[in-house]
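**Q** Quick one: the structure is below, and I'll ask about it shortly.
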Amino acid sequence: MVYQKDLDIKTLFLLFWREKLKIIFITFIFSLAGVLVALSLPNIYKSEAVIVQVENDTSEMSKIMSGQLGGLAQMAGIKATSNREYTSLIAIEILKSRKFFEEFSNKYNVLIPLMASNGWNESENKLIIDDEIYDVNNKKWVREVEPPKKPQPSINESHPVFLEHLLISRDKVTGVIRIGFKHYSPYIAQEWTTLIVSDINQKMKNQDVEKAELSIEYLKKEINNTQFSELKTSLYSLVQQQVQTIMLAEASPEYLFKTIDPAIVPELKIEPKRPMIAIMSFIIGFLASIIFVIIIRYKDLIINSLAEND
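To convert a position in the sequence shown, counted from 1, into the working numbering, add 70.
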């Protein structure tokens, strides 16, 4: 074929040298676009709390009594030992659940900062709200969406957004857990991180208290139904164990997780990584210019090759 030739390094180098102005121009355009995009992106801040699970298992005497009446204790919902590691993993999954977010959203009214914000005014410490999504003056959701979605985001729609901003990591060796939240406002990031840790502690506390109260109710019925004094004594010990659980829970604000490093208002952003965006734009622009020059120079060869393959 007339256009067929070896594309060796020398040939390509000479081609690139002749078309260097095009290569420079295209690379510059991509780089400029990347810089403009990077500068237009709002800063995102992350606040993080470091927590560990609390070791507050029941006393040895209570464990022994639970062992002596293992079957009855299990029926009452009492475990001889408490697997705190397993409980902490369950707590993390609860934290990620839609139900937890729904309760969190209703309690603290987080939908507007989560779904309608698009920046933060640092000088005024004020969240910037997108007026095409939420009308601040009339306090009304105004975004245009296709059914079945509604102007006000539902829990099902906003929950995945919440999870995108929620950061959870756990060290399998030490058991140390890091819970963080990303947001345009560093103050909201810090506030919500603190509230999340507090609420999961409260939720796990309420669950254990409720379970202990149900156990006490069951044990009291068994005490009334038995005529054996020794069995009654053992059952009273189990009741005492559950009362201790309730007392411990009520006296422990940090019931399951203890904060060893609280969330603070971050001073530095974590996103966007503007230098990386600029570098990637330059690389993409340079590669795009090379491909463009090759295609223009050898377009007839490429067209003929495609025609032959067809």
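Ideal placement from N, C-alpha and C gives every residue a C-beta, glycine not left out.
What are the start and end residues of the alpha helix (DSSP H) that includes VAL107?
**A** Residues 90 to 110.
**Q** Span of the beta strand (DSSP E) holding GLY245?
**A** GLY245 -> no beta strand (DSSP E), and no H or E assigned at all.
**Q** Can you name the residues that DSSP bridges to GLU125?
**A** Paired residue(s): none; GLU125 is not in a bridge.
**Q** How many Å lie between ILE134 and SER307 at the Cα?
**A** Unreliable positioning characterises ILE134 in this predicted model, as indicated by a pLDDT of 42, which lies under 50. The coordinate reading is nonetheless provided below. Using only the alpha carbons, I get a separation of about 10 Å.
**Q** Suppose you measure from the CA of GLU337 to the CA of PHE86; what does that come to, to the nearest Å?
**A** 46 Å
**Q** Can you round the beta-carbon distance between SER359 and ILE160 to whole angstroms, since I take them to be within the 8 Å contact cut?
**A** Contact doesn't hold; Cβ gap of about 54 Å is too wide.
**Q** Please confirm whether ASP413 and THR315 have their CB atoms less than 8 Å apart.
**A** The requested residue 413 does not occur in the structure, where the chain is confined to residues 71 to 380.
**Q** Could you work out which residue in GLU89, ILE121, ILE349, MET350 is closest to ALA333 when comparing CA atoms only?
**A** Considering only GLU89, ILE121, ILE349, MET350, the residue with the shortest C-alpha distance to ALA333 is ILE121.
**Q** Can you tell me whether DSSP reads TYR204 as helix, strand or coil?
**A** strand
**Q** When the Cα atoms are used, what is the spatial distance from VAL309 to THR296?
**A** 15 Å
**Q** Would THR303 be called buried (16 or more neighbouring beta carbons within 10 Å of its own) or exposed?
**A** exposed
**Q** If you draw a straight line from the alpha carbon of PHE298 to that of ALA319, how long is it in whole angstroms?
**A** 32 Å
**Q** Look at the alpha carbon of GLY104 and the alpha carbon of ALA348, and state the distance between them as a whole number of angstroms.
**A** 5 Å
**Q** Here's the rule I'm using: 16 or more other beta-carbon atoms within 10 Å means buried, otherwise exposed. How should THR244 be labelled?
**A** Within a 10 Å sphere around the beta-carbon of THR244 sit fewer than 16 other beta-carbons, which makes this residue exposed.
**Q** Count the other CB atoms, across all protein chains shown, that sit within 10 Å of the CB of THR81; report buried if there are 16 or more and exposed otherwise.
**A** exposed
**Q** Would you please state the rounded distance, in angstroms, between the beta carbons of LEU237 and LYS116? I believe it to be under 8 Å.
**A** 7 Å
**Q** Are there 16 or more other CB atoms within 10 angstroms of the CB of LYS169, so buried, or fewer, so exposed?
**A** exposed
**Q** What is the residue span of the beta strand (DSSP E) that LYS328 lies within?
**A** 327 to 331 is the extent of the beta strand (DSSP E) around LYS328.
**Q** Which residues share a DSSP beta bridge with GLY189?
**A** ILE198
**Q** Here's the rule I'm using: 16 or more other beta-carbon atoms within 10 Å means buried, otherwise exposed. How should LEU165 be labelled?
**A** It counts as buried.
**Q** If we define contact as Cβ-Cβ less than 8 Å, is ASP269 a contact residue for chain D?
**A** In the structure shown, chain D cannot be found, because there is only a single protein chain.
**Q** Classify VAL206: buried if its beta carbon has 16 or more other beta carbons within 10 angstroms, exposed otherwise.
**A** exposed
**Q** For LEU106 and MET346, I'd like the C-alpha separation in whole angstroms.
**A** 13 Å
**Q** Report, in whole angstroms, the separation of the C-beta atoms of PRO183 and ILE258, which I expect to be a contact under 8 Å.
**A** Indeed they touch by this definition, with Cβ atoms about 6 Å apart.
**Q** How many Å lie between PRO218 and ILE203 at the Cα?
**A** 17 Å
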